[in-house]
Every structure is written in structure tokens, then in C-alpha cells.
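What follows is a short report on a single structure.
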Amino acid sequence: MRDYIIRFDSTKLFLAILFGLGMLAIGVYMYLNHTTVDLPYRYRGLFGSTKNAAIFVGVVGAGLALFGARRALNGRAGIVMNEDGFMDSRYLNAPIPWSWINGHQMAETTIMGQDMEVLALIVQPGAKSDIDFNWNYKFNNWVKSDEDQVVAFTLQGLEEQDHYELQTAFNFWINSYSSRRQSSPAWGQASSPGFGRRVR
């Protein structure tokens, strides 16, 4: 079976780049023209002056634009499933081997007032501690699970995928390594994966 790939949503990346460039332009304009902005009282201690606020807006805008451009140009897909395992380039440094994965589940959850689709992998006992998560997962993935056998990833920012094709790809790769897997606990029998909480 060929690699199954879910790429980053190019529309959202394009909008992120435009928004970042807009913020950068506003920051530069404020800085060069010494535009006076009456900052709310709670922000005055943080920025000190409009000049500092302009620098902050410009730096955040430049960072957002560079982040979007880098992700759009580097050619890496968001999620790849192949013989090496399950790889999510947003949150993993290395693929999760299929021999560690017992199953998966798609779910909808609400995080910070926004409905998000979540992909939860059911892994073998103890395997979670061996997964090579990157800093983005450790600090910014709000759908982390506190269950030892559940690894959760948001599908936010990725292209829409056909659920049947996704299911077929998962079943193919997991079944290919079934001889090396232990039996999977039923999803309904597992306790709540604790989506929406930061778990270290």
C-alpha cells in the first residue's frame, strides 16, 4: 500500500502568512510614524510605550509569516502513515512503530470554545514513554491525554480527509503488524482520555 498522507491546509497557511505580514506592516508603520496609541491601562506596564508595542506587533507578525511560509515551503506533510509507522511532523521527532499501536479512534472535542477533531492512538502499555515527542507536543498540544495507553493529536490545520480512506489505511498498517501486537482494549472500556487538558 502506498503512503497515506494528510497535508497541511494550504488555505490556512496562506491566511496565516497574510495576517502575519499585515501585523508586520502595522508594526513598522507605528514605529516609523511614531503613531500614538492610547494603550489600555493593563498593557502600559508591559509595553511601556507605543514604540515598544509597535516592535511587539511587528515581531509577532514577522514570526507568524515566517512560520507559515516555512511550513508551506518545506514540503513536509502533517501526517504520514507508511511501513515506518505513524508520523505526525507537528508533534513527533520520529514515527511511532506500528508494533506499538493497537488501534485508533476519531473523536470530536471542544477546546477553548472551539470544536476540534482529534485522532487518538491506542498504544501498548509502557510504549508512550518511548515515543519521541518534540517540544511542540510537550508544550502546545492541548489534546494530550493523561491515559498511559492513549496518544492524542488534533487534526486542526490539516486538510480535510476522507474518513473511510483514513480508516482503511490504519487498518492495513496495523493488521500488517498484528503478529507483534498484544490484544487491544476496547475503546469504550477505557477511561476518559482527558482531552483538552495539558498533561506533562
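The sequence shown begins at 3 in our numbering and counts up by one.
C-beta atoms are modelled at their ideal positions from N, C-alpha and C, and glycine is treated no differently.
Are the stretch 17-28 and the stretch 96-108 touching, with three or more C-beta to C-beta distances below 8 angstroms?
no
C-beta atoms of A109 and A122 nearer than 9 angstroms
If you number the sequence shown from 1, residue 109 lands on position 107. If you number the sequence shown from 1, residue 122 lands on position 120. Yes, the pair counts as a contact, with Cβ atoms nearer than the cut-off.
What is the DSSP secondary structure of Q169, counted as helix, strand or coil?
By one-based count along the sequence shown, residue 169 stands at place 167. Q169: helix per DSSP, three-state reduction.
Given D132, which residues of its chain have a CB within under 8 angstroms of its CB, disregarding the five upstream and five downstream residues?
Numbered from 1 along the sequence shown, position 130 holds the residue referred to as residue 132. Here the set comprises W102.
Helix or strand or just coil, what does DSSP make of A129?
Your numbering for residue 129 matches position 127 in the sequence shown. A129: coil per DSSP, three-state reduction.
Report the three-state DSSP secondary structure of N142 (helix, strand or coil).
Walking along the sequence shown from the start, residue 142 turns up at place 140. It is helical.
Expressed to the nearest angstrom, what Euclidean distance is found between the alpha-carbon atoms of A1 and T13?
No answer is possible for residue 1: it lies beyond the span of the chain, which begins at 3 and ends at 202.
Taking only the alpha-carbon atoms, compute the straight-line gap between V152 and F172 and give it to the nearest angstrom.
Residue 152 sits at position 150 when you count from the first residue of the sequence shown. Residue 172 sits at position 170 when you count from the first residue of the sequence shown. Rounded to whole angstroms, V152 to F172 spans 16 angstroms at the Cα level.
Can you tell me which of the three DSSP states G24 falls into?
Locating residue 24 in the sequence shown gives position 22, where the first residue counts as 1. G24: helix per DSSP, three-state reduction.
Can you give the beta carbon distance from I176 to G80, rounded, assuming they're within the 8 angstroms contact cut?
Reading the sequence shown from its first residue, position 174 is the one you call residue 176. Reading the sequence shown from its first residue, position 78 is the one you call residue 80. The Cβ separation is near 20 angstroms, so there is no contact.
Would you kindly work out how many angstroms separate the C-alpha atoms of G87 and F174, rounded to a whole number?
Reading the sequence shown from its first residue, position 85 is the one you call residue 87. Reading the sequence shown from its first residue, position 172 is the one you call residue 174. Roughly 12 angstroms between the two C-alpha positions.
Using a Cβ-Cβ cut-off of 7 angstroms (strictly less than) and excluding sequence neighbours within five positions of Y93, which residues of its own chain qualify?
The residue labelled residue 93 in the question sits at position 91 within the sequence shown. Counting only Cβ-Cβ distances below 7 angstroms, and skipping sequence neighbours, we find F135, N136, N138, Y139, N143, F155.
So, helix, strand or coil for L34, using DSSP?
The sequence position of residue 34 within the sequence shown is 32, counting from 1. Of the three classes helix, strand and coil, the one that applies to L34 here is helix, per DSSP.
Measuring CA to CA, which of L160, I124, G29 is closest to S147?
Here residue 147 is taken as the residue at index 145 of the sequence shown, counted from 1. Ranking L160, I124, G29 by Cα distance to S147 puts I124 first.
Counterpart residues of E110 in DSSP-defined beta bridges
The residue labelled residue 110 in the question sits at position 108 within the sequence shown. In the DSSP output, where bridge partners are listed per residue, E110 has E119.
Beta carbon of Y31 nearer than 9 angstroms to that of K53
Reading the sequence shown from its first residue, position 29 is the one you call residue 31. Reading the sequence shown from its first residue, position 51 is the one you call residue 53. Not closer than 9 angstroms, so no.
Is A1 helix, strand or coil when you go by DSSP?
Look at the range of the chain in this structure, 3 to 202, and you will see that residue 1 is not part of it.
To the nearest angstrom, how far is it from the Cα of F21 to the Cα of S178?
Stepping through the sequence shown from its first residue, residue 21 is reached at position 19. Stepping through the sequence shown from its first residue, residue 178 is reached at position 176. Roughly 44 angstroms separates the two Cα atoms.
Might you give, ordered along the chain, the residues of its own chain that have their beta carbon closer than 6 angstroms to the beta carbon of D90, omitting 5 neighbours on each side?
Along the sequence shown, read from residue 1 onward, the residue named residue 90 stands at position 88. Excluding residues within five positions, the ones whose Cβ falls inside 6 angstroms are I81, F155.
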